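Line order of the protein sequences matches chains B and D.
Under my numbering, the residue at position 47 of the first sequence is numbered 47, and the numbers go up by one with no gaps.
Under my numbering, the residue at position 133 of the second sequence is numbered 133, and the numbers go up by one with no gaps.
Every residue gets a Cβ at the ideal spot worked out from N, C-alpha and C, and that includes glycine.
Quantities reported herein were computed from a predicted structural model and do not represent experimental measurements.
Take a look at the structure set out below.
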Amino acid sequence: MATQTFGPSMTPSAAAHLTEEQVEALGAELDAIRAEVVGSLGEADARYIHRVIAVQRGLEVGGRGALIFSLFPPAWVAGTAALSVAKILDNMEIGHNVLHGQWDWMRDPKIHSTTWEWDHASPAASWKKSHNYEHHTFTNIRGKDRDLGYSIMRITPEQEWKPADLFQPLVNLGLSMIFEWGIAIYDVEFEKVKNGTKPWPQAKGELMGLWRKARRQLAKDYVLFPLLSGPGFLSTVAANATANVVRNMWSHAVIFCGHFPDGVETFEEERLDGETKGQWYVRQMLGSANLSGGKLFHLMTGNLSHQIEHHLFPDVPSNRYAEIAPKVQEICKRYGLPYTTGSLPRQYGKVLRKITRLAFPGGGPKQPAPAPARLPVPAGRKPSAAVRLAS
Amino acid sequence: MGVLGEIGRRARVAATWFTQPLLPDDLLGTLNPLWSSREPHARVVGLRRETADTTTLLLRTGPGRPRHRPGQFVGVGTRLDGVWHWRTYSVTSCPGDPLLAVTVTALPGGTVSGALAHGTPVGTLLRIGPPAGEFVLPEPVPEKLLFLTAGSGITPVMGMLRDLAATRPEALSGAVLVHCDRTPSDLVFGPELRDLAATTGLTLVERHTAVRGRLTPDNLTDDVPDWAARQAWACGPAAMIDAFTEHWARAGDPTALHVELFTPPVPVATDATGGRVSFTTSGIETDAAPGTPLMVAGEAAGALLPNGCRMGICHTCVGRLRSGAVRDLRTGDLHDTPGEPVRTCVSGAAGDVEIEL
Chain B
1 MATQTFGPSM TPSAAAHLTE EQVEALGAEL DAIRAEVVGS LGEADARYIH RVIAVQRGLE
61 VGGRGALIFS LFPPAWVAGT AALSVAKILD NMEIGHNVLH GQWDWMRDPK IHSTTWEWDH
121 ASPAASWKKS HNYEHHTFTN IRGKDRDLGY SIMRITPEQE WKPADLFQPL VNLGLSMIFE
181 WGIAIYDVEF EKVKNGTKPW PQAKGELMGL WRKARRQLAK DYVLFPLLSG PGFLSTVAAN
241 ATANVVRNMW SHAVIFCGHF PDGVETFEEE RLDGETKGQW YVRQMLGSAN LSGGKLFHLM
301 TGNLSHQIEH HLFPDVPSNR YAEIAPKVQE ICKRYGLPYT TGSLPRQYGK VLRKITRLAF
361 PGGGPKQPAP APARLPVPAG RKPSAAVRLA S
Chain D
1 MGVLGEIGRR ARVAATWFTQ PLLPDDLLGT LNPLWSSREP HARVVGLRRE TADTTTLLLR
61 TGPGRPRHRP GQFVGVGTRL DGVWHWRTYS VTSCPGDPLL AVTVTALPGG TVSGALAHGT
121 PVGTLLRIGP PAGEFVLPEP VPEKLLFLTA GSGITPVMGM LRDLAATRPE ALSGAVLVHC
181 DRTPSDLVFG PELRDLAATT GLTLVERHTA VRGRLTPDNL TDDVPDWAAR QAWACGPAAM
241 IDAFTEHWAR AGDPTALHVE LFTPPVPVAT DATGGRVSFT TSGIETDAAP GTPLMVAGEA
301 AGALLPNGCR MGICHTCVGR LRSGAVRDLR TGDLHDTPGE PVRTCVSGAA GDVEIEL
């Protein structure tokens, strides 16, 4: 996979009408929401995460227990369902959020971002670097946020088209089925090794770390528990593979709906230069999209259905996003900013449509807006992002 | 470790392959926290109100509780408003007792000691650390013992006295205990100590400081004329311990005095003061200016620190606080609990500080 190249912006930002003062006032309002929630964290929140963890462990033990008798079809169905849900909870509402440090405030060494490990091919440490740092700091910056297309897909029209992109609807389907492995391999950043910005010995070390973790995952799902089933060995292998694919396709759908549907903006790298906290907040809001649904749906998405709130406050406990959401939506309305949300089928449909359209050259707006002048940027001072934002 | 131990060890390793990325211990702890050996818990099964501000918690622990030596303390963790807080308290039960007893005195303004002494009903789950401390009697037990205690300083000594009374009461014959508190009703373990004195030949001197004033090196001779001929164990407030340490060094045999200090939290200034920062893993030390994040100070001194967003959101840079205090540069909140995870990118030094990075 080659390093991606990007053309100039094709659409004006939805925040172009805001003055610098308005952006900072918006930032102050969001800071106040954060302070209010963080100040009210307490026993009820601690009980919540303990309960989710207990339910997840119960489902996993129950599901794997049922699959010992996987030759008996009802046990296969019940066990596979329980294990699928357990894996989804482990990765999304528990693992992703604990690794963000959302529960570090409890000072519980057992539920802490520095000690947690999850049922996922990617080791927690490399995930924290690629996700918490790179994706959450450089959200939707073209050329910096590698989550834009995961370095193998063309997800914004500014990305230059290559013939290989023709296959991306198929690539997307394949990726969704093996999503955890895609993420794990992607964390090694092979495209950086190829273009010489990452030394091979470092990548090799990371691959070894990945293999040490992954072989245990593989042994557990495809050798050890199947052996416990005796004659049901293959039946349990199939059940565990099914649970892994269900988890992969579900998390892939939720995650792709967070940043790729229509209405979500991407940004140029120059924007980072001198970016204020207020501007950072604006970028997070414009670069994320929510999913609508009920309480159980939010839980099963790890509250990434509140992607906008999660990107504004990545280390605020996920059980609080639902109460923050109406306040953020009200702020967006007042400042004239879009707040993208919709049901999962609707949003995922838009993502698939976009992936299909961008498999072919072009794909920008029909009447391209006059692109902002792209100055050759020297290493020293660059024009402030605030100027562009306010213009 | 015999054959059985080796089989047990291999069984645990094998079980880990089935439970990973969790450990079998994590699942046991989810079923019943008392079964976890990596995060030992204890459940409060009884309470004894010793005085108005002092409570003894009777704790049922898991099967693998390490045996303590009388006089030692244990770490006690309690969850208040969802947050774990740790304090250390003396063990007042005997090593062989089925229940572990710790005695807690509520300090004025102390949220944790207050909650443990007054707001911990039977059934509460606590975390418990391994026993530690050097304030213990040697083997064999010296012939002429002297104990000097004030307030809750009696607690480690009570552990020693109960153990001696249960296993070799003759060691208490001829021993002297001077125990100070404001009034007879404030005196922790008063009735039990009077019984002990009546049955073992222990000489109990109750010093009610509201009437007779504090125990000092000057008036010690009034209560214990032969103090210099005894092996002494003293536990109480810092001022009392300092005075006796100086007295024994000047007028007695300094090796005959064994002390345990209460160390109340050292008050720190309320603004970001800066200070000396030690990164304990890398061994790098540097001065951090007021308002400078620990990460910036460390990097300027050449430390390789984990870092990410550098704005307090990604938690890549977390290191544990070993000692001292840090201030959150964004909120002004002070953090001074040893072991607390600290985000170095948004924390400044509030005095000298050690970070485990």
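Leucine 116 of chain D counts as buried, since at least 16 other C-beta atoms from the protein chains shown sit within 10 angstroms of its C-beta. Between leucine 27 of chain D and chain B, the shortest Cβ-Cβ separation is below 8 Å.
The residues Ser305, Thr341, Gly342, Ser343, in chain order, have a CB closer than 8 Å to that of serine 292 of chain B in the same chain once the five nearest residues on each side in sequence are set aside. Nearest to serine 90 of chain D by C-alpha distance, out of D/Asp222, D/Ala251, D/Gly159, is D/Gly159.
Counted as a single uninterrupted DSSP element, the alpha helix (DSSP H) harbouring tryptophan 200 of chain B occupies residues 200 to 219.
Against chain D, the beta carbon of arginine 283 of chain B has no neighbour under 8 Å; the closest one sits roughly 13 Å away. Within its own chain, the residues whose Cβ lies closer than 8 Å to the Cβ of glutamate 206 of chain B, once the five positions on either side in sequence are excluded, are Ser126, Asp187, Val188, listed in chain order. Going by beta carbons, glutamate 260 of chain D and phenylalanine 135 of chain D fall inside the 8 Å limit.
For a Cβ distance threshold of 7 Å, residue set Arg79, Gly82 of chain D lies close to alanine 46 of chain B, ordered along the chain. Counting along the chain, the unbroken alpha helix (DSSP H) around glutamate 29 of chain B starts and ends at 20 to 39.
Judged by their CB atoms, valine 23 of chain B and glycine 278 of chain B are nearer to each other than the 8 Å cut-off. Under a criterion of Cβ atoms nearer than 7 Å, the residues of chain B adjacent to glutamine 20 of chain D are, in order, Arg216, Lys220. Ranked by how close their Cα comes to the Cα of glutamate 43 of chain B, the residues D/Leu80, D/Pro21, D/Gly252 have D/Leu80 in first place. The beta carbon of glutamate 39 of chain D sits closer than 8 Å to some beta carbon of chain B. In this structure, the CA atom of isoleucine 241 of chain D is about 31 Å from the CA atom of threonine 280 of chain D.
Take the alpha-carbon of phenylalanine 138 of chain B and the one of aspartate 119 of chain B: they are about 26 Å apart.
Contact residues of the segment 2 to 20 of chain D toward chain B are Trp17, Phe18, Gln20 (C-beta to C-beta distance below 8 Å).
According to DSSP, phenylalanine 267 of chain B shares a beta bridge with B/Ile141. Within chain B, no C-beta atom comes less than 7 Å from the C-beta of threonine 61 of chain D; the nearest is roughly 18 Å away. One thing to note: glycine 287 of chain B has its Cβ no nearer than 8 Å to the Cβ of asparagine 132 of chain B.
The alpha carbon of alanine 359 of chain B has as its nearest neighbour, out of B/Leu41, B/His136, B/Gln168, the alpha carbon of B/Gln168. Taken in chain order, the complete beta strand (DSSP E) segments of 3 or more residues contained in the segment 248 to 331 of chain B number zero; there are none. For the options B/Arg142, B/Lys213, B/Ala66, the alpha carbon positioned closest to that of glutamate 117 of chain B is the one of B/Lys213.
The Cβ-Cβ distance between leucine 177 of chain D and leucine 202 of chain D falls below 8 Å. The Cβ atoms of glycine 232 of chain B and leucine 83 of chain B lie no closer than 8 Å to each other. Counting only Cβ-Cβ distances below 7 Å, tryptophan 181 of chain B has no contacts in chain D at all, with the closest Cβ about 16 Å away. Closest by C-alpha distance to arginine 327 of chain D, out of D/Thr183, D/Val342, D/Gly190, is D/Val342. Collapsing the DSSP output to three states places glutamate 39 of chain D in coil. The continuous alpha helix (DSSP H) containing valine 351 of chain B extends over residues 344 to 357. For glutamate 93 of chain B, the three-state secondary structure derived from DSSP is helix. In this structure, proline 293 of chain D places its C-beta atom within 8 Å of the C-beta atom of leucine 329 of chain D.
Lysine 295 of chain B and arginine 320 of chain B have their C-alpha atoms spaced approximately 12 Å apart.
Of D/Val13, D/Gly64, D/Ala229, D/Thr344, the smallest CA-CA separation from arginine 38 of chain D is found for D/Gly64.
Judged by DSSP secondary structure, tyrosine 89 of chain D falls within the beta strand (DSSP E) whose first and last residues are 83 to 90. Along the segment 319 to 353 of chain D, the positions whose C-beta sits under 7 Å from a C-beta of chain B are Glu340, Pro341, read in chain order. Setting aside the 5 residues that flank it on each side, valine 245 of chain B is surrounded in the same chain by Met177, each with a C-beta closer than 6 Å to its C-beta; the list follows chain order.
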